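*Asks:*
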Amino acid sequence: PAAPEVELVDVPPSADDEQRTAAEEDINEDEHMFAAAELEEICEPQDVQERRRRLRRAIVGKFAYFRTVGQTRGRRWSQVVLGQQPVGEDMLGESLMDDAANHSS
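Have a look at this one:
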């Protein structure tokens with residue numbers, strides 16, 4: 290049997306491709322996400338799960354910070370250092386479920 294014909298279609302680049310290219314071209318973007326002292330704090334616990342939690346918090350926190358300030362280029366990742374201390378119980382944001390319940394009424 291003959292092989293089916295395949296038609297090649299020129300597909301325009303997606304938004305993801307354009308963002309990736311823009312990030313690759315951003316020479317002002319910090320090459321390192323963490324400074325040495327911050328990495329030491331993240332890696333300090335002996336417990337693997339706690340180290341993973343700290344790393345996740347640090348990465349998500351940095352992305353949230355730059356998104357909040359509206360900076361999408363030239364981000365200086367290693368200059369934004371967020372502490373690993375938990376948010377106090379009396380602070381807004383301590384529990385997402387509590388916040389949602391308090392703001393929905």
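Using this note's numbering, the first residue of the sequence shown is number 290, and each one after it goes up by one.
Glycine included, every Cβ here is placed at the ideal spot set by N, Cα and C.
Every value quoted in this text rests on a predicted model; they were computed, and no experiment measured them.
Closest to Y316 by C-alpha separation, out of A326, R364, V369, R342, would be which residue?
*Replies:* Note that residue 316 corresponds to Ile in the displayed sequence, not to Tyr. For the residues A326, R364, V369, R342, the minimum Cα distance to I316 belongs to R364.
*Asks:* Alpha carbons only, please: which of E329, R362, T361 is nearest the one belonging to L344?
*Replies:* E329
*Asks:* If D319 sits next to S367, beta carbons under 8 Å apart, how far is it from one beta carbon to the other, in whole angstroms?
*Replies:* 5 Å
*Asks:* For P339, which of helix, strand or coil comes out of DSSP?
*Replies:* Residue identity differs from the one stated: residue 339 is Glu in this sequence, not Pro. Helix, per DSSP.
*Asks:* According to DSSP, is L371 part of a helix, a strand, or is it coil?
*Replies:* Coil, per DSSP.
*Asks:* From what residue to what residue does the alpha helix (DSSP H) around E327 run?
*Replies:* 325-332
*Asks:* Quick one: grab the DSSP three-state call for R346.
*Replies:* helix
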